[in-house]
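Worksheet for the structure shown next.
Residue numbers (our numbering): 166 to 533.
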(Lines of atoms letter the chains of each structure in order from A and count residues from 1; the text may use other names and numbers.)
(Lines give C-alpha, C1' and ligand atoms only; values in the text may rest on other atoms or scores of the structure.)
Protein backbone atom coordinates (compact mmCIF):
# COMPACT_ATOMS: atom_id res chain seq x y z
CA UNK A 1 0.00 0.00 0.00
CA UNK A 2 2.80 2.44 0.87
CA UNK A 3 4.43 1.90 -2.54
CA UNK A 4 1.10 2.46 -4.22
CA UNK A 5 0.54 5.71 -2.29
CA UNK A 6 3.99 7.06 -3.18
CA UNK A 7 3.51 6.03 -6.80
CA UNK A 8 0.16 7.82 -6.98
CA UNK A 9 1.64 11.03 -5.56
CA UNK A 10 4.67 10.93 -7.85
CA UNK A 11 2.60 10.25 -10.97
CA UNK A 12 0.59 13.43 -10.33
CA UNK A 13 3.34 15.84 -9.21
CA UNK A 14 1.54 19.11 -9.92
CA UNK A 15 -1.59 18.18 -7.99
CA UNK A 16 0.47 16.75 -5.15
CA UNK A 17 2.61 19.90 -5.02
CA UNK A 18 -0.47 22.14 -4.95
CA UNK A 19 -1.96 20.13 -2.09
CA UNK A 20 1.29 20.17 -0.12
CA UNK A 21 1.69 23.92 -0.68
CA UNK A 22 -1.88 24.62 0.44
CA UNK A 23 -1.37 22.68 3.67
CA UNK A 24 1.96 24.47 4.17
CA UNK A 25 0.13 27.81 3.80
CA UNK A 26 -2.42 26.61 6.36
CA UNK A 27 0.31 25.74 8.87
CA UNK A 28 2.28 28.93 8.16
CA UNK A 29 -0.82 31.08 8.58
CA UNK A 30 -1.47 29.62 12.02
CA UNK A 31 2.12 29.67 13.28
CA UNK A 32 3.12 33.12 11.99
CA UNK A 33 -0.05 35.00 12.97
CA UNK A 34 -0.30 33.32 16.37
CA UNK A 35 3.46 33.75 16.85
CA UNK A 36 3.26 37.43 15.93
CA UNK A 37 0.32 38.01 18.27
CA UNK A 38 1.99 36.21 21.16
CA UNK A 39 5.27 37.95 20.39
CA UNK A 40 3.68 41.39 20.65
CA UNK A 41 1.94 40.41 23.90
CA UNK A 42 5.08 38.93 25.48
CA UNK A 43 7.20 41.87 24.35
CA UNK A 44 4.75 44.27 26.03
CA UNK A 45 4.88 42.26 29.25
CA UNK A 46 8.69 42.17 29.26
CA UNK A 47 8.97 45.90 28.69
CA UNK A 48 6.49 46.72 31.45
CA UNK A 49 8.38 44.46 33.82
CA UNK A 50 11.64 46.17 32.82
CA UNK A 51 10.47 49.56 34.11
CA UNK A 52 11.21 48.31 37.62
CA UNK A 53 8.02 49.59 39.27
CA UNK A 54 6.09 47.47 41.75
CA UNK A 55 2.63 49.02 41.37
CA UNK A 56 0.67 50.88 38.69
CA UNK A 57 -1.98 53.46 39.60
CA UNK A 58 -4.44 54.44 36.88
CA UNK A 59 -7.62 56.55 36.90
CA UNK A 60 -11.05 54.88 36.91
CA UNK A 61 -12.08 53.21 33.66
CA UNK A 62 -8.53 52.82 32.37
CA UNK A 63 -7.79 49.94 30.04
CA UNK A 64 -5.23 47.26 30.78
CA UNK A 65 -3.86 47.98 27.31
CA UNK A 66 -1.21 50.66 27.46
CA UNK A 67 -1.60 53.77 25.34
CA UNK A 68 -5.38 53.86 25.01
CA UNK A 69 -6.30 55.77 28.17
CA UNK A 70 -5.09 59.28 27.36
CA UNK A 71 -4.04 61.62 30.17
CA UNK A 72 -7.13 62.18 32.34
CA UNK A 73 -5.78 62.98 35.85
CA UNK A 74 -3.59 65.60 37.47
CA UNK A 75 0.09 64.87 38.04
CA UNK A 76 -0.51 66.11 41.63
CA UNK A 77 -1.76 62.59 42.35
CA UNK A 78 1.92 61.68 42.43
CA UNK A 79 2.42 63.88 45.50
CA UNK A 80 -0.42 62.06 47.28
CA UNK A 81 1.06 58.68 46.42
CA UNK A 82 4.54 59.66 47.66
CA UNK A 83 3.07 60.17 51.15
CA UNK A 84 1.81 56.59 51.39
CA UNK A 85 3.67 53.93 53.40
CA UNK A 86 6.47 51.88 51.77
CA UNK A 87 6.76 54.25 48.78
CA UNK A 88 10.29 54.88 47.51
CA UNK A 89 9.55 56.68 44.23
CA UNK A 90 6.59 57.72 42.06
CA UNK A 91 6.77 58.61 38.38
CA UNK A 92 3.87 60.16 36.42
CA UNK A 93 3.77 59.08 32.77
CA UNK A 94 1.67 59.99 29.75
CA UNK A 95 1.09 57.06 27.40
CA UNK A 96 0.09 58.11 23.90
CA UNK A 97 -0.84 55.83 21.00
CA UNK A 98 0.82 56.87 17.76
CA UNK A 99 -0.38 55.46 14.44
CA UNK A 100 1.66 57.74 12.21
CA UNK A 101 4.52 56.70 9.98
CA UNK A 102 2.91 53.41 8.97
CA UNK A 103 3.27 51.82 12.41
CA UNK A 104 1.40 51.55 15.69
CA UNK A 105 3.42 52.39 18.78
CA UNK A 106 2.96 53.58 22.35
CA UNK A 107 4.92 56.73 23.26
CA UNK A 108 5.91 57.67 26.80
CA UNK A 109 6.04 61.21 28.10
CA UNK A 110 8.20 60.96 31.22
CA UNK A 111 9.73 62.93 34.03
CA UNK A 112 13.14 61.41 33.46
CA UNK A 113 14.63 61.61 36.99
CA UNK A 114 11.64 59.95 38.67
CA UNK A 115 11.21 57.43 35.83
CA UNK A 116 14.84 56.36 36.06
CA UNK A 117 14.45 55.96 39.82
CA UNK A 118 12.20 52.98 39.09
CA UNK A 119 14.88 50.77 37.56
CA UNK A 120 18.18 52.46 38.25
CA UNK A 121 18.27 54.48 35.04
CA UNK A 122 18.54 53.90 31.31
CA UNK A 123 21.49 52.07 29.85
CA UNK A 124 22.79 54.40 27.16
CA UNK A 125 24.21 52.82 24.04
CA UNK A 126 24.93 56.26 22.59
CA UNK A 127 24.27 59.85 23.65
CA UNK A 128 22.79 60.81 27.00
CA UNK A 129 19.72 62.12 28.87
CA UNK A 130 17.19 64.57 27.49
CA UNK A 131 18.23 68.14 28.23
CA UNK A 132 15.64 70.15 26.27
CA UNK A 133 11.92 70.13 25.54
CA UNK A 134 12.49 68.87 21.99
CA UNK A 135 14.77 65.97 22.91
CA UNK A 136 13.79 62.33 22.55
CA UNK A 137 15.21 59.00 23.63
CA UNK A 138 14.79 55.96 21.38
CA UNK A 139 15.65 52.36 22.10
CA UNK A 140 18.16 50.36 20.08
CA UNK A 141 15.45 48.55 18.07
CA UNK A 142 13.92 51.81 16.86
CA UNK A 143 17.34 53.29 16.16
CA UNK A 144 18.24 50.25 14.08
CA UNK A 145 14.96 49.99 12.15
CA UNK A 146 14.71 53.73 11.45
CA UNK A 147 18.47 54.25 11.02
CA UNK A 148 18.61 56.94 13.71
CA UNK A 149 21.77 58.28 15.30
CA UNK A 150 22.36 60.71 18.14
CA UNK A 151 21.75 64.23 16.89
CA UNK A 152 19.36 63.17 14.12
CA UNK A 153 15.93 64.77 13.82
CA UNK A 154 12.81 62.61 13.87
CA UNK A 155 9.15 63.57 13.64
CA UNK A 156 6.68 62.26 16.22
CA UNK A 157 3.05 63.41 16.46
CA UNK A 158 3.82 66.15 13.88
CA UNK A 159 6.56 67.52 16.12
CA UNK A 160 10.28 67.44 15.35
CA UNK A 161 12.57 66.01 18.02
CA UNK A 162 16.34 65.69 18.33
CA UNK A 163 17.61 62.24 19.24
CA UNK A 164 19.44 62.87 22.50
CA UNK A 165 20.22 59.26 23.32
CA UNK A 166 19.84 55.66 22.21
CA UNK A 167 18.98 53.38 25.12
CA UNK A 168 18.78 49.65 25.62
CA UNK A 169 15.29 48.31 24.94
CA UNK A 170 13.02 46.88 27.61
CA UNK A 171 11.82 49.82 29.75
CA UNK A 172 8.20 50.41 28.81
CA UNK A 173 8.06 52.23 25.49
CA UNK A 174 10.49 52.48 22.61
CA UNK A 175 10.35 56.30 22.43
CA UNK A 176 10.54 58.64 25.42
CA UNK A 177 9.86 62.38 25.40
CA UNK A 178 9.72 65.03 28.15
CA UNK A 179 6.46 64.87 30.09
CA UNK A 180 5.70 68.58 29.72
CA UNK A 181 6.29 68.49 25.97
CA UNK A 182 3.80 65.67 25.45
CA UNK A 183 1.29 67.37 27.75
CA UNK A 184 1.41 70.48 25.55
CA UNK A 185 1.27 68.48 22.31
CA UNK A 186 -1.96 66.65 23.25
CA UNK A 187 -3.53 69.50 25.24
CA UNK A 188 -3.24 67.80 28.62
CA UNK A 189 -1.18 70.28 30.64
CA UNK A 190 -0.56 69.05 34.16
CA UNK A 191 -2.10 65.63 33.43
CA UNK A 192 -0.82 62.05 33.39
CA UNK A 193 -2.11 58.65 32.24
CA UNK A 194 -0.46 56.38 34.77
CA UNK A 195 1.68 56.53 37.90
CA UNK A 196 4.43 53.99 38.42
CA UNK A 197 5.25 53.36 42.05
CA UNK A 198 8.42 51.84 43.48
CA UNK A 199 8.08 50.29 46.95
CA UNK A 200 10.67 49.42 49.54
CA UNK A 201 9.62 45.79 49.11
CA UNK A 202 7.41 44.33 46.35
CA UNK A 203 5.72 42.18 48.99
CA UNK A 204 4.24 45.36 50.49
CA UNK A 205 2.10 45.92 47.37
CA UNK A 206 -1.15 44.70 49.02
CA UNK A 207 -0.71 47.17 51.92
CA UNK A 208 -0.04 50.00 49.46
CA UNK A 209 -3.10 49.10 47.37
CA UNK A 210 -5.30 49.06 50.47
CA UNK A 211 -3.92 52.44 51.59
CA UNK A 212 -4.62 54.08 48.20
CA UNK A 213 -8.18 52.72 48.12
CA UNK A 214 -8.82 54.51 51.44
CA UNK A 215 -7.80 57.91 50.06
CA UNK A 216 -10.91 60.09 49.49
CA UNK A 217 -11.58 60.42 45.78
CA UNK A 218 -9.33 57.50 44.79
CA UNK A 219 -11.62 54.64 45.78
CA UNK A 220 -12.32 53.78 42.15
CA UNK A 221 -8.76 54.12 40.86
CA UNK A 222 -7.20 51.05 39.28
CA UNK A 223 -4.32 50.06 41.57
CA UNK A 224 -2.48 46.91 40.51
CA UNK A 225 0.80 45.34 41.35
CA UNK A 226 2.99 44.71 38.33
CA UNK A 227 2.87 41.00 39.16
CA UNK A 228 -0.95 41.04 39.04
CA UNK A 229 -0.98 42.99 35.76
CA UNK A 230 1.44 40.56 34.15
CA UNK A 231 -0.73 37.62 35.21
CA UNK A 232 -3.75 39.24 33.54
CA UNK A 233 -1.99 39.81 30.22
CA UNK A 234 -2.94 36.47 28.70
CA UNK A 235 -4.84 35.70 25.47
CA UNK A 236 -7.98 34.84 27.44
CA UNK A 237 -7.99 38.25 29.17
CA UNK A 238 -7.28 40.39 26.09
CA UNK A 239 -10.58 41.46 24.43
CA UNK A 240 -10.96 39.78 21.06
CA UNK A 241 -7.58 37.99 21.19
CA UNK A 242 -8.94 34.44 21.45
CA UNK A 243 -11.65 35.19 18.88
CA UNK A 244 -9.01 36.48 16.48
CA UNK A 245 -6.94 33.31 16.89
CA UNK A 246 -10.04 31.15 16.37
CA UNK A 247 -10.87 33.00 13.15
CA UNK A 248 -7.32 32.44 11.87
CA UNK A 249 -7.57 28.73 12.68
CA UNK A 250 -10.99 28.50 11.05
CA UNK A 251 -9.77 30.11 7.83
CA UNK A 252 -6.71 27.85 7.84
CA UNK A 253 -8.80 24.68 8.27
CA UNK A 254 -11.06 25.76 5.39
CA UNK A 255 -8.02 26.18 3.13
CA UNK A 256 -6.72 22.70 3.94
CA UNK A 257 -10.14 21.08 3.75
CA UNK A 258 -11.10 22.55 0.36
CA UNK A 259 -7.77 21.81 -1.32
CA UNK A 260 -7.56 18.23 -0.05
CA UNK A 261 -11.22 17.59 -0.91
CA UNK A 262 -10.70 18.83 -4.45
CA UNK A 263 -7.46 16.89 -4.83
CA UNK A 264 -8.81 13.60 -3.50
CA UNK A 265 -12.14 13.89 -5.34
CA UNK A 266 -10.32 14.47 -8.62
CA UNK A 267 -7.97 11.58 -7.87
CA UNK A 268 -10.90 9.24 -7.24
CA UNK A 269 -12.52 10.23 -10.54
CA UNK A 270 -9.26 9.75 -12.41
CA UNK A 271 -8.56 6.37 -10.80
CA UNK A 272 -11.98 4.80 -11.24
CA UNK A 273 -10.59 1.95 -13.35
CA UNK A 274 -7.70 1.44 -10.92
CA UNK A 275 -10.15 1.18 -8.02
CA UNK A 276 -12.19 -1.35 -10.03
CA UNK A 277 -9.09 -3.50 -10.54
CA UNK A 278 -8.30 -3.39 -6.81
CA UNK A 279 -11.85 -4.38 -5.86
CA UNK A 280 -11.90 -7.18 -8.45
CA UNK A 281 -8.73 -8.55 -6.86
CA UNK A 282 -10.46 -8.69 -3.48
CA UNK A 283 -9.77 -5.25 -1.99
CA UNK A 284 -12.41 -4.44 0.62
CA UNK A 285 -14.22 -1.14 1.05
CA UNK A 286 -12.14 -0.53 4.16
CA UNK A 287 -8.95 -1.05 2.16
CA UNK A 288 -10.01 1.53 -0.45
CA UNK A 289 -10.99 4.05 2.24
CA UNK A 290 -7.71 3.50 4.05
CA UNK A 291 -5.77 3.94 0.81
CA UNK A 292 -7.33 7.36 0.09
CA UNK A 293 -7.00 8.54 3.69
CA UNK A 294 -3.36 7.47 3.92
CA UNK A 295 -2.61 9.31 0.71
CA UNK A 296 -4.19 12.43 2.23
CA UNK A 297 -2.23 11.87 5.42
CA UNK A 298 1.03 11.69 3.43
CA UNK A 299 0.19 14.98 1.71
CA UNK A 300 -0.61 16.53 5.10
CA UNK A 301 2.69 15.43 6.65
CA UNK A 302 4.68 16.83 3.72
CA UNK A 303 2.70 20.08 3.90
CA UNK A 304 3.22 20.35 7.67
CA UNK A 305 6.98 19.94 7.36
CA UNK A 306 7.14 22.53 4.59
CA UNK A 307 4.89 24.88 6.59
CA UNK A 308 7.11 24.64 9.68
CA UNK A 309 10.19 25.47 7.61
CA UNK A 310 8.43 28.45 6.00
CA UNK A 311 7.17 29.65 9.41
CA UNK A 312 10.64 29.72 10.96
CA UNK A 313 12.03 31.40 7.85
CA UNK A 314 9.23 33.98 7.95
CA UNK A 315 9.82 34.66 11.66
CA UNK A 316 13.52 35.23 10.99
CA UNK A 317 12.73 37.47 8.01
CA UNK A 318 10.26 39.57 10.00
CA UNK A 319 12.72 40.02 12.88
CA UNK A 320 15.44 40.99 10.42
CA UNK A 321 13.29 43.40 8.41
CA UNK A 322 11.29 44.90 11.30
CA UNK A 323 13.36 44.63 14.45
CA UNK A 324 10.57 45.98 16.68
CA UNK A 325 8.36 42.97 15.90
CA UNK A 326 8.83 39.65 17.62
CA UNK A 327 7.48 36.38 16.21
CA UNK A 328 7.63 33.43 18.62
CA UNK A 329 7.01 30.13 16.82
CA UNK A 330 6.09 28.17 19.93
CA UNK A 331 6.58 24.38 20.05
CA UNK A 332 3.09 23.80 21.48
CA UNK A 333 1.55 25.71 18.60
CA UNK A 334 3.66 23.73 16.12
CA UNK A 335 1.99 20.60 17.49
CA UNK A 336 -1.46 22.23 17.45
CA UNK A 337 -1.00 23.44 13.87
CA UNK A 338 0.11 19.95 12.81
CA UNK A 339 -2.95 18.34 14.40
CA UNK A 340 -5.26 20.94 12.85
CA UNK A 341 -3.72 20.38 9.40
CA UNK A 342 -4.00 16.59 9.65
CA UNK A 343 -7.61 16.75 10.85
CA UNK A 344 -8.54 19.19 8.08
CA UNK A 345 -6.87 17.01 5.45
CA UNK A 346 -8.57 13.83 6.63
CA UNK A 347 -11.96 15.54 6.80
CA UNK A 348 -11.48 16.72 3.25
CA UNK A 349 -10.65 13.18 2.11
CA UNK A 350 -13.49 11.33 3.86
CA UNK A 351 -16.18 11.87 1.22
CA UNK A 352 -13.92 11.04 -1.77
CA UNK A 353 -12.70 7.94 0.10
CA UNK A 354 -16.20 6.62 0.76
CA UNK A 355 -17.26 7.47 -2.77
CA UNK A 356 -14.36 5.40 -4.07
CA UNK A 357 -15.26 2.53 -1.72
CA UNK A 358 -18.86 2.45 -3.01
CA UNK A 359 -17.89 2.02 -6.67
CA UNK A 360 -19.12 -1.18 -8.30
CA UNK A 361 -16.11 -3.15 -9.63
CA UNK A 362 -17.92 -4.09 -12.89
CA UNK A 363 -18.82 -0.46 -13.63
CA UNK A 364 -15.35 0.68 -12.60
CA UNK A 365 -13.63 -1.81 -14.94
CA UNK A 366 -15.84 -0.71 -17.81
CA UNK A 367 -15.09 2.97 -17.13
CA UNK A 368 -13.22 4.81 -19.89
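Backbone N, C-alpha and C define an ideal beta-carbon position, used for all residues, glycine too. Since we're looking at a predicted model, the values are computed, not measured.
What is the DSSP secondary structure of residue 224, reduced to helix, strand or coil? Residue state, collapsed to three classes: coil.
Residue from 303, 195, 278 and 510 whose Cα sits closest to the Cα of residue 430: 510
Kindly list the residues whose CB is nearer than 7 Å to the CB of residue 224, restricted to its own chain and excluding five residues on each side of it in sequence; keep chain order. These residues qualify, in order along the chain: 237, 238 and 386.
Could you check how far apart the C-beta atoms of residue 299 and residue 327 are, in whole angstroms? I think they sit under 8 Å. Contact annotation, residue 299 with residue 327: C-beta distance approximately 6 Å; criterion of less than 8 Å satisfied.
Exposed or buried, what is residue 535 when buried is set at 16 or more other beta-carbons lying within 10 Å of its beta-carbon? The chain is shown only over 166 to 533; residue 535 falls outside these bounds and no answer can be derived.
Buried/exposed call for residue 334, threshold 16 Cβ in 10 Å: Its Cβ being crowded by 16 or more others within 10 Å, residue 334 is buried.
Evaluate contact between the region 467-475 and the region 184-202, counting only Cβ atoms and requiring at least three cross-stretch pairs below 8 Å. yes
Can you tell me which of the three DSSP states residue 207 falls into? In the structure shown, residue 207 sits in a helix (DSSP, three-state: H, G or I).
Would you report the Cα separation of residue 487 and residue 310, rounded to the nearest angstrom? 6 Å
Taking all protein chains shown into account, do 16 or more other C-beta atoms lie within 10 angstroms of the C-beta of residue 465, making it buried, or fewer, making it exposed? buried
On the DSSP bridge assignment, give the partners of residue 357 in chain order. 238
Would you mind stating whether residue 273 and residue 325 have Cβ atoms separated by less than 9 Å? Taking 9 Å as the Cβ cut-off, residue 273 and residue 325 do not qualify as a contacting pair.
Just the Cα atoms here: how many angstroms apart are residue 491 and residue 463? 32 Å
If you check the beta carbons only, do residue 389 and residue 374 fall under 9 Å apart? yes
Hey, how far is the Cα of residue 497 from the Cα of residue 424? 25 Å
Pairing CB atoms from the region 355-374 with CB atoms from the region 245-253, are three or more of them under 8 Å? yes
Can you grab the Cα-Cα spacing for the pair residue 291 / residue 418, in whole Å? 48 Å
Output the distance between the C-alpha atoms of residue 295 and residue 257, rounded to the nearest integer angstrom. 17 Å
Report, in whole angstroms, the separation of the C-beta atoms of residue 197 and residue 476, which I expect to be a contact under 8 Å. 6 Å
Coil, strand or helix - residue 363 by DSSP: strand
Within the same chain, show all residues whose beta-carbon is closer than 7 Å to that of residue 211, passing over the 5 residues directly before and after it, in chain order. 335
What are the boundary residues of the beta strand (DSSP E) that residue 273 is part of? In the DSSP assignment, residue 273 falls within the beta strand (DSSP E) that extends over 270-275.
Measure the C-alpha to C-alpha separation of residue 455 and residue 518 and round it to an integer number of angstroms. 8 Å
Kindly indicate which three-state DSSP category residue 415 falls into: helix, strand or coil? helix
What residue ranges within the region 362-395 form continuous alpha helix (DSSP H) runs of no fewer than 4 residues, ordered along the chain? 370-378
Hey, could you find the ends of the alpha helix (DSSP H) residue 305 is sitting in? 305-310
Residue range of the beta strand (DSSP E) that includes residue 254: 252-263
Considering Cα atoms alone, identify which of 307, 275 and 421 is closest to residue 504. 421
N-terminal and C-terminal residue of the alpha helix (DSSP H) that residue 291 is part of: That residue, residue 291, is in no alpha helix (DSSP H); its beta strand (DSSP E) goes 289-292.
Note down the Cα distance separating residue 178 from residue 512, rounded to an integer number of angstroms. 22 Å
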